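This report concerns only the one structure given below.
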Amino acid sequence: RSRSGAEDWKGERMKSAKDTLRKERGDGFDSLTEAAGGESKMSKALDSVKVGSGGGEGGDESPSDAKRSAHELDFDSLTFREGSHTMTNKKCELPDQSWRAMKPGYEEVHVPAVRSVAPPDEKLVPIADLPEWTHDAFKGMTMLNRVQSKMADVALRSSENVLLCAPTGAGKTNVAMLSILNILAQYRKERADDMMNEDESGKASKHEGTLDLSAFKIIYVAPMKALVQEVVKNFSKRLGPYGIQVRELSGDS
């Protein structure tokens, strides 16, 4: 029983005891409680009164039973704000081209992903519009996607801090590649473009000698070891033509 419940129970006992003493003593009850020995008579009166589970007199509940009685609950405070049903729609319609697959013990519902429509004035950035020396990092690609196109100028041509939040598969790794190329651009030698157009015989790559590779290091942080290994494989292939060595550093290294 909670503290407030115990106080209510004690108040009921006191009220019942006072009523009993009023019946026995009449108008002299008030003076009885003030006189000497009034507390002992009050205690006897309390012992003679039993409060039932309903709160009235004449019950058979003992003090030990009263302690084990249930708590009073406020059901109004336990109800849902939306009522007894959190979903009031009588019918649920799935988008077009949705389909169901019945499996043993469960049902799969496949809903096609919503395709966003690009605004008419939005333009995607072609790889050809990027500096020529960056094209080797995007082999096999002809165009940046919507996320990458919006981030291209900031990531590649500025030194601003960037916080990019996008779903898995939105192209965040390529935005990171643009940022890496931004660092490479800061350490390209003055005659880098001329050196690229020179005879490539004897060179491992046309970019050989165009970067001051000993002047910088780039750290790419990933949350899982498996993802780190994937990034190392990806970046090693794409940054290899520039002479960049990509290494994994983890707790097992």
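Sequence positions in the sequence shown follow this note's numbering and run 2 to 254.
The beta carbon of each residue, even a glycine, is placed where N, CA and C say it ideally should be.
Predicted model only: the values in this text are computed from it and were never measured.
Residue 236 burial status per 10 Å Cβ neighbour count (16 or more: buried): Flag for residue 236 reads buried.
Neighbour-count burial assignment, residue 176, 16 or more Cβ in a 10 Å radius: Buried is the call here.
Whole-angstrom distance between residue 233 and residue 141, CA atom to CA atom: When the Cα atoms are used, residue 141 and residue 233 turn out to be separated by approximately 19 angstroms.
As assigned by DSSP and simplified to three states, the class of residue 176: DSSP places residue 176 in the helix class (H, G or I) of the three-state scheme.
Residue(s) in a DSSP beta bridge with residue 102: In DSSP, residue 102 forms a bridge with 109.
Where the alpha helix (DSSP H) containing residue 148 begins and where it ends: That run of the alpha helix (DSSP H) goes 147-158.
Cβ neighbours of residue 242 in the same chain (closer than 7 angstroms, five flanking residues each side left out): In its chain, beyond the 5 residues on either side, 137, 206 and 208 have a beta carbon closer than 7 angstroms to the beta carbon of residue 242.
Given residue 215 as reference, the closest of 188, 230, 224 and 240 once Cα atoms are compared: Closest by alpha carbon: 188.
Proximal residues to residue 127 (C-beta, below 7 angstroms), its chain only, five neighbours per side dropped: In its chain, beyond the 5 residues on either side, 143 and 144 have a beta carbon closer than 7 angstroms to the beta carbon of residue 127.
For residue 231, the first and last residue of its enclosing alpha helix (DSSP H): In the DSSP annotation of this structure, the continuous segment of the alpha helix (DSSP H) that includes residue 231 starts and ends at 226-240.
7 angstroms Cβ cutoff met for residue 170 and residue 148: Not a contact, by the Cβ cut-off of 7 angstroms.
Rounded straight-line distance, which links the Cα of residue 194 to that of residue 133: Using only the alpha carbons, I get a separation of about 9 angstroms.
Helix, strand or coil at residue 185 [DSSP, three-state]: Helix at residue 185.
Residues near residue 96 by beta carbon distance below 7 angstroms, same chain, minus five either side: Result list for residue 96: 112 and 113, in chain order.
Other residues of its chain near residue 182: CB distance less than 7 angstroms, five sequence neighbours each side excluded: 135, 138 and 157.
Backbone secondary structure at residue 164 - three-state DSSP: Correct three-state label for residue 164: coil.
Cβ neighbour criterion (16 or more within 10 Å) applied to residue 250: Flag for residue 250 reads exposed.
Other residues of its chain near residue 230: CB distance less than 7 angstroms, five sequence neighbours each side excluded: Result list for residue 230: 249, in chain order.
Beta carbon of residue 210 nearer than 7 angstroms to that of residue 197: Going by C-beta atoms, residue 210 is not nearer than 7 angstroms to residue 197.
Residue closest to residue 118, alpha-carbon to alpha-carbon, out of 146, 105 and 93: Checking every option, the nearest Cα to that of residue 118 belongs to 146.
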